[in-house]
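Scroll down for the structure; my scribbles are underneath it.
Protein chains: 2
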Amino acid sequence: MALIVQKYGGTSVGDPDRIRNVARRAIAARKQGYDVVVVVSAMSGETNRLLKLTRELSKRPSEREQDVVVSSGEQVTVGLVVLAIQEQKAKARSFLGHQVRILTDSAFANARIKSIDSERLFASLKRKEIAVVAGFQGIDEEGNITTLGRGGSDTTAVALAAVLHASACEIYTDVDGVYTTDPRICDRARKLDRVAYEEMLELASLGSKVLQIRSVEFAMKYKVPLWVKSSFSDDSGTLITEEDEAMENVLVSGIAVTRDEARFVVRNVPDKPGLAAKIFGTLAGLDIVVDVIVQTPAHDDKRTDLAFTVGRLDLEKTRDCLRKLARQIGTGKVEHEVDIAKVSIVGVGMRNHAGVAAKMFQVLADEGVNIRVISTSEIKVSCLIDEKYAELAVRALHTAFGLDAKPAS
Amino acid sequence: MALIVQKYGGTSVGDPDRIRNVARRAIAARKQGYDVVVVVSAMSGETNRLLKLTRELSKRPSEREQDVVVSSGEQVTVGLVVLAIQEQKAKARSFLGHQVRILTDSAFANARIKSIDSERLFASLKRKEIAVVAGFQGIDEEGNITTLGRGGSDTTAVALAAVLHASACEIYTDVDGVYTTDPRICDRARKLDRVAYEEMLELASLGSKVLQIRSVEFAMKYKVPLWVKSSFSDDSGTLITEEDEAMENVLVSGIAVTRDEARFVVRNVPDKPGLAAKIFGTLAGLDIVVDVIVQTPAHDDKRTDLAFTVGRLDLEKTRDCLRKLARQIGTGKVEHEVDIAKVSIVGVGMRNHAGVAAKMFQVLADEGVNIRVISTSEIKVSCLIDEKYAELAVRALHTAFGLDAKPAS
């Protein structure tokens, strides 16, 4: 019998009525003849409430204990979802991370799945039960509770779909699919019917918050067809899948934007092996996530400029660290600039087409938007611009690359 | 090194400040040179909030799933208590039922402990950690989460004290000990310094809600000295321990009262073996808890009257069941009466003294209180009376048996 994994996020299980709705959807899939595994997050607001409690008791809470506290949120939801399914006269059973069991490494608060036992889940499905699994949580070799990081329930769902050889993994959320860009910025944003894993990876990493990046990586690695759907409508959603020929005919699939970035430039870095590693290794050690990195070719004096962005919140920490490093290494000035946005165009079709980047620069130039830094990958072009132009840039690019929805007639 | 188990109830961990207070107390015991195991309940109100959620989703929630949901309450508390201890610069580690592991039978919602692994706890104590264990929860042979019933955290604490050979088990609550009677009824109620296990068992079963009965049984069986103390004061509390000579000189240690009982009489029950078993077996099958049972000697016609009490809430269910049974068995009328209270005097000293019961009856007679049913055990005399006389009876008995506190001078 074909098997599907359905994952419901926090807003989809936010209150008893919504939980009953989840039960109805799971039972409907079961009645269509599927074996059904449901993965749920904590009720919306619950994880934040629990995190707040830990912060009230400790300025730097132990991540082991924080995981014990926050994983209770999903524990509540699995029980409630099973009760709702049973109340609608279907069979169901809840599974926690240690019951499945979902074995992870011991990186508390950000653990990675190492293996999943499928035996108990298959036994449950064989008993005609809907198996309801707590997302976000696992257990390490010593029996400690671990969590997979924000959005980790997506990863749980995809990993289960891979291990159980599911025919699809459906991610239910409060939006009805993946859009060409953020609809709050651009009212002509259009829902995509299909998007390639690679594109979704770029879109997710560039600020589209629909899916956790790791879940997309997992889905791509194990070729799990991934649907993003709304739990509040019957729309068909967006299918994230392998690239196909139709996709290649589309140059740009989506436009992503991230704001609140800060840009740093370290001037006159000696062009010696190991210095970049030292700078970025030190920043990583301070848990500073570095985004776009650009290094210009060395000047005649064997020195180069190194530019990169960090989140606005890490500005002070990064500046202090870089000033110290600059003295040690002997670089020039450290400059920084806030109120920077990153606008990116993404599309697998770019691989086989020249001129996409040039078109992007022209569109921005036509709008009078100055480009500070450019960075490209095979299927993406990113430009750092002044944050105040972010919305204008997104809308102009959206139109220029033919993404606008047709006006309703 | 001597080991103590401290158990903190819901009000003692009701908010972050109170949790910090629990951390201070645990650390203080550690600094006095004890190995310390802390057992905690869910934050006050939390178990009820979770139960309410399950009731919103199901009229008759599956007890397996209900246990999954409600056990999350203790999971949150253990994590928070450990964070509070760590913030005060001591070492601590949390343990859930499945991590200890506390193995129970599979009677969800009311499971019994079968065994406890002490290995991980001892390893934790050896690392100089305060081990913080989730009360109320266990795990069965199949890895399902179970709970021990209301007040089950007391049982967890005493069972751990027994297994770990603790020198004492301290139960912290919002009252500062065990009283001669309910202070809300009798303002001359006096705190007891010591009370025997047997007395505490009778007091607990007779409506004193300080401790769960099973925890006292456990403590008696394994001879664990049990302290009841307030987490909000430094009073020495009450020690529950084995009977000693000093105790035997006290005729009555306490007076218990339960209200909201309903009394049933089944008239003219044929005096044949097996009929009482049939009646009470049927009631037990309906989850009706039967209290005082009195059977008068058979009349000449080989028929007898059977009287007993049930909780007021079970009145209708009991009546319907008895009417059916009466027809089957061929008894006389089934009568019932509500607004009944049970007043009991308890004391190990009674064993060796005649006349205690007679004195009780005289005290009640002097106050004009009519006794409906009398029931006695070795260390207890219970009388059913009209509920409206309950407080009067308690106060009169409290004075007559010399329990009144001396007035403050």
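Chains as they are written, first to last, in the working numbering: chain U, 1 to 409; chain G, 1001 to 1409. The C-beta atom is built at its ideal place from N, Cα and C for all residues, glycine as well. For clarity, every value in this text was computed on a predicted model and none was experimentally measured.
Quiz prompt | Coil, strand or helix - G/P1016 by DSSP | solution = In the structure shown, G/P1016 sits in a helix (DSSP, three-state: H, G or I).
Exercise. For U/S72, go through chain G and note every residue whose CB falls closer than 7 Å to its CB, in chain order.
Key: Residues of chain G whose Cβ lies closer than 7 Å to the Cβ of U/S72 are, in chain order, S1072, Q1075, V1076.
Self-check item: Extent of the continuous alpha helix (DSSP H) run through G/Q1066
Solution: For G/Q1066, the uninterrupted alpha helix (DSSP H) segment begins and ends at 1063-1070.
Practice problem: Kindly identify the DSSP beta-bridge partner or partners of U/K223. | Solution: Answer is none; U/K223 lacks a bridge partner.
Practice problem: Determine the closest residue to U/I139 out of U/S106, U/H165, U/I171, with distance taken between C-alpha atoms. | Solution: The option with the nearest alpha carbon to U/I139 is U/S106.
Quiz item: If we ignore side chains and look at the alpha-carbon of each, how far apart do G/K1089 and U/V69 end up?
Solution: Their Cα atoms are separated by approximately 20 Å.
Exercise. Compute the distance between the beta-carbons of G/E1199 and G/V1334, then report whether it is under 8 Å.
Key: It is not a contact, given that the beta carbons lie outside the stated cut-off.
Quiz item: Which of the three DSSP states, helix, strand or coil, is assigned to G/V1082?
Solution: DSSP places G/V1082 in helix when its eight states are reduced to three.
Quiz item: What residues match up with G/H1336 in a beta bridge as DSSP calls it?
Solution: G/F1264.
Quiz item: Contact between the region 1383-1402 of chain G and the region 1265-1274 of chain G: three or more CB pairs below 8 Å?
Solution: No: the two stretches stay apart, fewer than three of their Cβ pairs being nearer than 8 Å.
Exercise. State yes or no: is the beta carbon of U/H398 nearer than 8 Å to at least one beta carbon in chain G?
Key: It does not; no Cβ of chain G falls within 8 Å.
Exercise. Identify which residue in U/I255, U/D154, U/Q6, U/D244 has its Cα closest to the Cα of U/Q212.
Key: Nearest of U/I255, U/D154, U/Q6, U/D244 to U/Q212, Cα basis: U/D154.
Quiz item: Going by Cα to Cα distance, which pick from U/A307, U/I279, U/D366 is closest to U/R327?
Solution: Scanning U/A307, U/I279, U/D366 for the CA closest to the CA of U/R327 turns up U/I279.
Quiz item: Are the region 1186-1198 of chain G and the region 1237-1248 of chain G in contact at 8 Å, needing three or more beta carbon pairs?
Solution: Yes, they touch.
Quiz item: With respect to the beta strand (DSSP E) encompassing G/Q1006, which residues constitute its N-terminal and C-terminal limits?
Solution: Segment 1003-1008, the beta strand (DSSP E) holding G/Q1006.
Practice problem: Check the Cβ of U/H98 against every Cβ in chain G and list those closer than 8 Å, keeping chain order. | Solution: Within 8 Å Cβ-Cβ: H1098, G1143.
Exercise. Pick out whichever of G/V1022, G/V1076, G/E1063 has its Cα sitting closest to the Cα of U/E46.
Key: Nearest C-alpha to U/E46 among G/V1022, G/V1076, G/E1063: G/V1076.
Self-check item: Span of the beta strand (DSSP E), counted from its first residue to its last, around U/Q137
Solution: Its beta strand (DSSP E) spans residues 137-139.
Exercise. Give the residues of chain G in contact with U/T156, contact being defined as C-beta atoms less than 9 Å apart.
Key: For U/T156, there are no neighbours in chain G by C-beta distance under 9 Å, as the nearest C-beta there is about 17 Å away.
Quiz item: When you compare only the Cα positions, how much space is there between U/E217 and G/R1101?
Solution: Going from the Cα of U/E217 to the Cα of G/R1101 covers about 36 Å.
Quiz item: Rounded to a whole number of angstroms, what is the C-alpha to C-alpha distance between G/A1168 and U/Q32?
Solution: When the Cα atoms are used, G/A1168 and U/Q32 turn out to be separated by approximately 59 Å.
Quiz prompt | Residue-chain proximity (U/I424, chain G), Cβ-Cβ < 8 Å | solution = Nothing about residue 424 of chain U can be reported from this structure: the residues present for chain U run from 1 to 409 only.
Practice problem: Note down the Cα distance separating U/G274 from G/V1163, rounded to an integer number of angstroms. | Solution: Separation of U/G274 and G/V1163 (C-alpha to C-alpha, rounded to the nearest whole angstrom) is 57 Å.
Quiz item: Taking just the CA atoms, how far does U/A219 sit from U/A256?
Solution: About 21 Å.
Exercise. Identify the continuous alpha helix (DSSP H) that holds U/C321 and give its terminal residues.
Key: U/C321 -> alpha helix (DSSP H) spans 315-329.
Self-check item: Integer-rounded CB distance, given that G/V1252 should sit under 8 Å from G/L1403
Solution: The beta carbons of G/L1403 and G/V1252 sit about 7 Å from each other, so the pair counts as a contact at 8 Å.
Practice problem: Kindly say whether G/P1016, judged by its beta-carbon, lies nearer than 8 Å to any beta-carbon of chain U. | Solution: It does; some Cβ of chain U falls within 8 Å.
Practice problem: Evaluate U/H98 with the Cβ neighbour count: other Cβ atoms within 10 Å of its Cβ, from every protein chain shown; 16 or more gives buried, anything less gives exposed. | Solution: Classification of U/H98: buried, given that the 10 Å Cβ count is 16 or more.
Quiz item: Are the Cβ atoms of G/H1299 and G/L1315 separated by less than 8 Å?
Solution: No, these two residues do not count as a Cβ contact at 8 Å.
Quiz item: CA-CA distance, G/S1094 and G/I1345?
Solution: Taking the Cα positions, G/S1094 is about 42 Å away from G/I1345.
Quiz item: Excluding the five sequence neighbours on either side, which residues of its own chain have a C-beta within less than 7 Å of the C-beta of G/I1288, listed in chain order?
Solution: If we look at G/I1288 and ignore the five residues flanking it on each side, its Cβ neighbours are V1310, D1314, K1317, T1318.
Quiz item: Across which residues does DSSP place G/Y1034 in a beta bridge pair?
Solution: BP columns for G/Y1034 are empty, so no partner.
Exercise. Entirely within the region 155-197 of chain U and at least 3 residues each: give me those beta strand (DSSP E) ranges in chain order.
Key: As far as the region 155-197 of chain U is concerned, its whole beta strand (DSSP E) runs of at least 3 residues are 168-173, 194-196.
Quiz item: Listed from N- to C-terminal order along the chain, which residues in the region 1032-1064 of chain G have their beta-carbon within a distance smaller than 7 Å of any beta-carbon of chain U?
Solution: Listed by position, the residues of the region 1032-1064 of chain G near chain U (Cβ gap below 7 Å) are L1050, L1053, T1054, E1056, L1057, S1058, P1061, S1062.
Quiz item: When we look at the beta-carbon of U/M1 and count the other beta-carbons within 10 Å, is it buried (16 or more) or exposed?
Solution: Exposed is the call here.
Quiz item: Hey, U/V210 and U/V224: beta-carbon distance below 8 Å or not?
Solution: In this structure, U/V224 does not lie closer than 8 Å to U/V210 by Cβ.
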